[in-house]
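Asker: There's a structure below that I have some questions on.
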Amino acid sequence: MLIDILTLFPAAFEGPFAVSILRRAQEKKLVQIRVHDLRQWARDKNKTVDDRPYGGGVGMILKIEPVYAAVQQLKEEFKKIKKKNEFSHVVLLTPAGRVFNHRIARKLADLKHLILICGHYEGVDQRIADHIADENLSIGDYILSGGELPAMVVTEAVTRLIPGVLGKEESKEEESFAYAGGLLKYPQYTRPEEFEGLRVPEILLSGNHAEIESWRKKQALALTQRYRPDLLANYPLTRLELESKPQK
């Protein structure tokens, strides 16, 4: 998979992409991540990428010309190496986008070329969102200085779903939002068995894997009901699970 990131601050990505899973995925050549300075596509000698908003207002708006030029060039480069039925998918990171989640990450992980546009300043020319981006995504209902951190979040969430990236493929299905079809992950414990009077649940020490799995499912349901009840809206609960669902 090829991931191209367009940003005004490429140095921001140097640390996060050089460690842990993202580093190993790149070393294995399972993903290629390229970070581009958007200013290289600016048309004037001052490398201008922003301007004042029409109609007045505070701040500066990211211009459409450099973004369009960058996306077109990256798409053309991919065309030279693409296989049949493969295409580029352009994502704008913006507070106005739909909220990114595990389901979206799965969809993006099936692609071969992902272009991420990091917004900045007071926003972007709306024509970028409407006509250049295939999708507008947000990582939550809050404001950041730019799209760099959201781009990192999307990149890691997508990369870890690429086959071969994680050591054990089944571990992807044991994580929150993937466990048991969309629940938060069950509680986990490790040594010591007791710490200042706090004990590991006895069931986990029993060696009875069927009972352990049943316990984990119930705990996952309880945690999801407590912290993210919205995730249960479309979850196919059985009658037994409905009866055992924690009370508010």
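Be aware that the sequence shown starts at 14, since it is given in the working numbering, and climbs by one per residue. Yeah, the Cβ is synthetic: ideal placement off N, Cα and C, and Gly gets one too. Please read all numbers here as calculations on a predicted model, not as lab measurements.
Would you tell me roughly how many angstroms separate the C-alpha atoms of residue 217 and residue 229, rounded to the nearest one?
Answerer: In the sequence shown, counting from the first residue as 1, residue 217 sits at position 204. In the sequence shown, counting from the first residue as 1, residue 229 sits at position 216. Approximately 9 Å between the Cα atoms of the pair.
Asker: Which whole-angstrom value is the C-beta distance of residue 59 and residue 111, which I expect to be below 8 Å?
Answerer: Here residue 59 is taken as the residue at index 46 of the sequence shown, counted from 1. Here residue 111 is taken as the residue at index 98 of the sequence shown, counted from 1. In fact, because the Cβ distance is near 35 Å, the residues do not count as touching under 8 Å.
Asker: Does residue 151 come out as helix, strand or coil in the three-state DSSP assignment?
Answerer: Looking up residue 151 in the sequence shown gives position 138. In this structure, residue 151 counts as strand in the three-state DSSP scheme.
Asker: So is residue 94 buried or exposed if we call it buried at 16+ other beta carbons inside 10 Å?
Answerer: Within the sequence shown, residue 94 is the residue found at index 81, counting from 1. Residue 94 comes out exposed.
Asker: What do you get for residue 17, buried or exposed, if any count of 16 or more other CB atoms within 10 angstroms of its CB means buried?
Answerer: Counted from its first residue, the sequence shown places residue 17 at position 4. It is buried - the Cβ of residue 17 has at least 16 other Cβ atoms within 10 Å.
Asker: List, from N- to C-terminal side, the beta strand (DSSP E) runs of 3 residues or more that fit wholly inside the segment 22-106.
Answerer: DSSP runs (the beta strand (DSSP E)) wholly in the segment 22-106: 45-50.
Asker: Would you tell me roughly how many angstroms separate the C-alpha atoms of residue 29 and residue 106, rounded to the nearest one?
Answerer: In the sequence shown, residue 29 corresponds to position 16, counting from 1. In the sequence shown, residue 106 corresponds to position 93, counting from 1. Roughly 18 Å between the two C-alpha positions.
Asker: Between the C-alpha atoms of residue 237 and residue 200, what's the straight-line distance to the nearest angstrom?
Answerer: Translated into positions along the sequence shown, residue 237 becomes position 224. Translated into positions along the sequence shown, residue 200 becomes position 187. Spanning the two alpha carbons is a distance of roughly 11 Å.
Asker: Kindly give me the distance between the Cβ atoms of residue 135 and residue 80, rounded to whole angstroms, as I take these residues to be in contact under 8 Å.
Answerer: If you number the sequence shown from 1, residue 135 lands on position 122. If you number the sequence shown from 1, residue 80 lands on position 67. Actually they are not in contact, since the Cβ atoms of residue 135 and residue 80 sit about 15 Å apart, beyond 8 Å.
Asker: Going by Cα to Cα distance, which pick from 88, 126, 67 and 63 is closest to residue 45?
Answerer: Working through the sequence shown from its first residue, we reach residue 45 at position 32. It is 126.
Asker: Do you know whose CA, among 56, 130, 75 and 61, lies nearest residue 87's CA?
Answerer: On the sequence shown, residue 87 is found 74 positions in, with the first residue counted as 1. Closest by alpha carbon: 130.
Asker: Do residue 197 and residue 240 have their beta-carbon atoms positioned less than 9 Å apart in this structure?
Answerer: If you number the sequence shown from 1, residue 240 lands on position 227. If you number the sequence shown from 1, residue 197 lands on position 184. Contact: yes.
Asker: Pull up the distance between the alpha-carbon of residue 6 and that of residue 164, whole angstroms please.
Answerer: Nothing about residue 6 can be read from this structure; the chain reaches only from 14 to 261.
Asker: Is residue 112 helix, strand or coil when you go by DSSP?
Answerer: Numbered from 1 along the sequence shown, position 99 holds the residue referred to as residue 112. In the structure shown, residue 112 sits in a strand (DSSP, three-state: E or B).
Asker: Taking all protein chains shown into account, decide if residue 222 is buried (16 or more other Cβ within 10 angstroms of its Cβ) or exposed.
Answerer: The count along the sequence shown starts at 1 and reaches residue 222 at position 209. Exposed is the call here.
Asker: List the residues that DSSP assigns as beta-bridge partners of residue 20.
Answerer: Stepping through the sequence shown from its first residue, residue 20 is reached at position 7. Residue 20 is bridged to 50.
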